[in-house]
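Okay, structure first, notes after.
Numbering (my numbering), first residue to last: 1 to 126.
Written out as structure tokens, the structure reads:
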């Protein structure tokens, strides 16, 4: 899974989850022309520019925890997916099995305002 935007943490991604976001309601068009770009599904997501493509609209949120950090990423070009990354100072390995439920619980806490979302893909699954 490619990581979009620029993460604050330089730790590698050791676990990730891709969630399906419900489609937003269709915008009400008051004038002719293309519809406005979609808004991020969570208020905590902030613009996170992609240095190699300034036209891309990527939004992210990153929170440092005790031993690792969690990062949510949403790409306006693919609005039905919300990606969560677990970044930790673990090189060449995945997140330890005992830490996976903690990561999933943290993601559930962060996405609580939009409700439970179906999982599209994950590595590793709990």
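Don't be surprised by glycine CBs; every beta carbon is placed ideally from N, CA and C.
Could you check how far apart the C-beta atoms of residue i and residue j are, in whole angstroms? I think they sit under 8 angstroms.
| i | j | result |
| --- | --- | --- |
| residue 81 | residue 18 | 6 angstroms |
| residue 35 | residue 29 | 6 angstroms |
| residue 84 | residue 70 | 6 angstroms |
| residue 41 | residue 21 | 5 angstroms |
Per the DSSP calculation, residue i is bridged to which residue(s)?
| i | result |
| --- | --- |
| residue 20 | 81 |
| residue 75 | 58 |
| residue 70 | 63 and 86 |
| residue 47 | 59 |
| residue 13 | 87 |
| residue 119 | 19 |
Leaving aside the five residues before and after residue i along the sequence, list all residues of the same chain whose C-beta is less than 7 angstroms from its C-beta, in chain order.
| i | result |
| --- | --- |
| residue 121 | 18 |
| residue 67 | 88 |
Can you list, in chain order, the residues of its chain whose CB lies under 6 angstroms from that of residue i, leaving out five sequence neighbours each side?
| i | result |
| --- | --- |
| residue 11 | 87, 88 and 89 |
| residue 115 | none |
| residue 118 | 20 |
Less than 8 angstroms between the beta carbons of residue i and residue j, yes or no?
| i | j | result |
| --- | --- | --- |
| residue 109 | residue 14 | no |
| residue 78 | residue 56 | no |
| residue 62 | residue 8 | yes |
task: Answer yes if the region 93-106 comes into contact with the region 42-53, meaning at least three C-beta pairs across the two stretches below 8 angstroms, and no otherwise.
output: no
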